[in-house]
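Residue numbers (our numbering), protein chains in the order written: chain W, 190 to 507; chain Z, 190 to 507.
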């Protein structure tokens, strides 16, 4: 009988679980409260119960489940399979891999949630069929996941793919990481709304002024205004896509990926983002390098994390 | 009996051949004329003879040779095992892999010479023991080779590792590739001597003026003058190492390699290069990322290319 894999996407308030087939196809999923405040033992025991219920719900014998993977928001010791500390869940130094293995009697793999989402898109999302690709998530920050030869790249201390912290503007604003002018300060949702606000503060006329006064200045408003040829909105989109295109050009002479998969909230803008982004990439990339490289929207949405988590057991990466 | 591998480093005038053990240890080597003008058939047949002589010379039965690899200077179609065109040898569209396989009766692998040299250093040079590393060659240009999970990264069109063409100065001079301000225009031997000449032309006082008048302005002179606290020489070294350190910082949030191996003519300067380079890297790299990363001089010198070529058969990479 065909093998099944269970993926768990642990968040601060809810935990998403999914059971997938060998091609990364999602068969069934569920969402439960995390209740991190109960402590890791109680919370993980409950999550293990949910994992078994998931298999039961679609009539998969437990012996057919080949492994369980978990994506976690925070800093991990991947070698030891331990949580160092998490964002929004007060757990520290928790040997989560061995705890889940004891609960489930199955091999368990863990990774950070950005890498899990990248692996999901690579396995059965927009990246399926590409051996070398880079996933970029444009949300509150800019995250990345690097796939080389079909495997996730982690690097020495798991910092591979932290492309949001590549500096792109020499005298840019200070980033949360301490550096100046990081990609994340410009091409994330936070960065784009900041640029729009700066333009308004400088007295530029723009339809965005009203959204700002309503407290509703989001990238959705910015892209809508850009579509209507609003000058400020066009400038913000231009600056965000120019910076990202330059970073993608540079990534192309490092790993020369066949595809860039772009997801996250900002990517919902569709062509309003992808058209100027493809233009910027073509402008900044040597033609021999850009040739054949695809820039594609992510396809799995919020399921990418749990599908990718399910793939972690077989995709050990490097 | 232990397996042996033969590596061939094809150059414009000479071809270097070596036979190595399973750990990348060089057992015996030879250097012969390339005679590319005779055409690929005649030249490759002679090289195949030299390969057999090499095994004979150390008493290795041909049946013990597990494979032959060749590093080539130029553009290759790695999938087809074909030369597209070479630097300094007038061969085009030559199916070199199948031709050598027919001559030798063994599996043959080809790659460009920069990747072969990187693999050599990774296998039995300064990079031995590191799974993820980046080799940087500072010569006439700036070359690179990327190793992830112990394997060479090629990418979609074999342009992975072309890190000399990462732009580092927005309004820099034009690079051979057509872009402006590429790393190669600043941190290569060519770039450093150009910067020194520009300084002299601007009337700066420097001991380099005499070297220039003798037509002997090289990076060796620049590093020697820097050691003697010559202001212009110090500025040139500072600018070259600052640019390279910034690129290495960026590479660290892409693949997060455990080590950078720096070779090529410029690297012979030793501490005069490595001390400011390590300082620049530490300055530009997030401390969580820089932690534990080593910056090491290459160790195999001119043998890196043939040792790495010998490793190509088993290291298929991605």
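Note that beta-carbon positions come from the ideal geometry of N, C-alpha and C, so glycine has one too.
Would you check whether the ligand ADP has a heavy atom nearer than 7 Å to the C-beta of residue i?
| i | result |
| --- | --- |
| residue 321 of chain Z | In the structure shown, the ligand ADP is absent, as is every other ligand, since no ligand is present at all. |
On a Cα-Cα basis, can you pick out the residue from the options that is closest to residue i?
| i | options | result |
| --- | --- | --- |
| residue 215 of chain W | W:407, W:445, W:410 and W:497 | W:497 |
| residue 436 of chain Z | W:212, W:389 and W:354 | W:354 |
| residue 487 of chain W | W:288, W:223, W:292 and W:333 | W:333 |
| residue 347 of chain W | W:222, W:482, W:499 and W:272 | W:272 |
| residue 325 of chain Z | Z:465, Z:434 and Z:363 | Z:434 |
| residue 459 of chain Z | Z:375, Z:415 and Z:363 | Z:415 |
| residue 322 of chain W | W:380, W:335 and W:360 | W:335 |
| residue 362 of chain W | W:351, W:350 and W:381 | W:381 |
| residue 483 of chain Z | Z:228, Z:270 and Z:319 | Z:319 |
| residue 439 of chain Z | Z:474, Z:466 and Z:455 | Z:474 |
| residue 218 of chain Z | Z:285, Z:424, Z:226 and Z:204 | Z:204 |
| residue 442 of chain Z | W:366, W:404, W:349 and W:456 | W:349 |
| residue 262 of chain Z | Z:201, Z:445, Z:195 and Z:427 | Z:201 |
| residue 304 of chain W | W:331, W:428 and W:383 | W:331 |
| residue 469 of chain Z | Z:455, Z:427 and Z:477 | Z:427 |
| residue 296 of chain W | W:196, W:478 and W:472 | W:196 |
| residue 445 of chain Z | W:270, W:425 and W:343 | W:343 |
Is the Cβ of residue i closer than 8 Å to any Cβ of chain W?
| i | result |
| --- | --- |
| residue 346 of chain Z | yes |
| residue 447 of chain Z | yes |
Do we get a CB-CB distance below 8 Å when we pair residue i with the residues of chain Z?
| i | result |
| --- | --- |
| residue 366 of chain W | yes |
| residue 460 of chain W | no |
| residue 271 of chain W | no |
| residue 355 of chain W | yes |
| residue 338 of chain W | yes |
| residue 450 of chain W | no |
| residue 335 of chain W | yes |
Buried or exposed: which applies to residue i, given that a residue is buried once 16 or more other Cβ atoms fall within 10 Å of its Cβ?
| i | result |
| --- | --- |
| residue 247 of chain Z | exposed |
| residue 250 of chain W | exposed |
| residue 417 of chain W | exposed |
| residue 402 of chain W | exposed |
| residue 430 of chain W | buried |
| residue 282 of chain Z | exposed |
| residue 258 of chain Z | buried |
| residue 167 of chain Z | The shown model of chain Z, from 190 to 507, leaves out residue 167 of chain Z, and the question about it has no answer. |
| residue 390 of chain W | exposed |
| residue 286 of chain W | buried |
| residue 410 of chain Z | buried |
| residue 481 of chain W | exposed |
Below 8 Å on C-beta distance, what does residue i contact in chain W?
| i | result |
| --- | --- |
| residue 477 of chain Z | 346 and 348 |
| residue 439 of chain Z | 355, 356 and 439 |
List, in order along the chain, the chain W residues whose C-beta lies closer than 7 Å to that of residue i?
| i | result |
| --- | --- |
| residue 282 of chain Z | Near residue 282 of chain Z there are no residues of chain W at all, since even the closest Cβ is about 17 Å away, more than 7 Å. |
| residue 352 of chain Z | 442 and 443 |
Please state if the CB of residue j and the CB of residue i are separated by a distance shorter than 8 Å.
| i | j | result |
| --- | --- | --- |
| residue 309 of chain Z | residue 493 of chain Z | yes |
| residue 265 of chain Z | residue 301 of chain Z | yes |
| residue 495 of chain Z | residue 316 of chain Z | no |
| residue 290 of chain W | residue 237 of chain W | no |
| residue 385 of chain Z | residue 406 of chain Z | yes |
| residue 192 of chain Z | residue 253 of chain Z | yes |
| residue 345 of chain W | residue 260 of chain W | no |
| residue 327 of chain Z | residue 451 of chain Z | yes |
| residue 412 of chain W | residue 461 of chain W | yes |
| residue 306 of chain W | residue 341 of chain W | no |
| residue 396 of chain W | residue 375 of chain W | no |
| residue 312 of chain W | residue 500 of chain W | yes |
| residue 359 of chain W | residue 370 of chain W | yes |
| residue 388 of chain Z | residue 423 of chain Z | no |
| residue 339 of chain Z | residue 489 of chain Z | no |
| residue 447 of chain W | residue 485 of chain W | no |
| residue 269 of chain Z | residue 279 of chain Z | no |
| residue 502 of chain W | residue 240 of chain W | no |
| residue 478 of chain Z | residue 408 of chain Z | no |
List the residues of chain Z that residue i touches, going by C-beta distances under 9 Å, in chain order.
| i | result |
| --- | --- |
| residue 196 of chain W | By Cβ distance, chain Z contributes nothing, its closest Cβ being about 23 Å from residue 196 of chain W, past 9 Å. |
| residue 481 of chain W | 345 and 346 |
| residue 384 of chain W | Within 9 Å Cβ-Cβ: nothing; residue 384 of chain W doesn't reach chain Z, min ~19 Å. |
Taking residue i as the query, report the chain Z residues whose CB atoms sit under 8 Å from its CB, ordered along the chain.
| i | result |
| --- | --- |
| residue 328 of chain W | Simply none; closest approach about 17 Å. |
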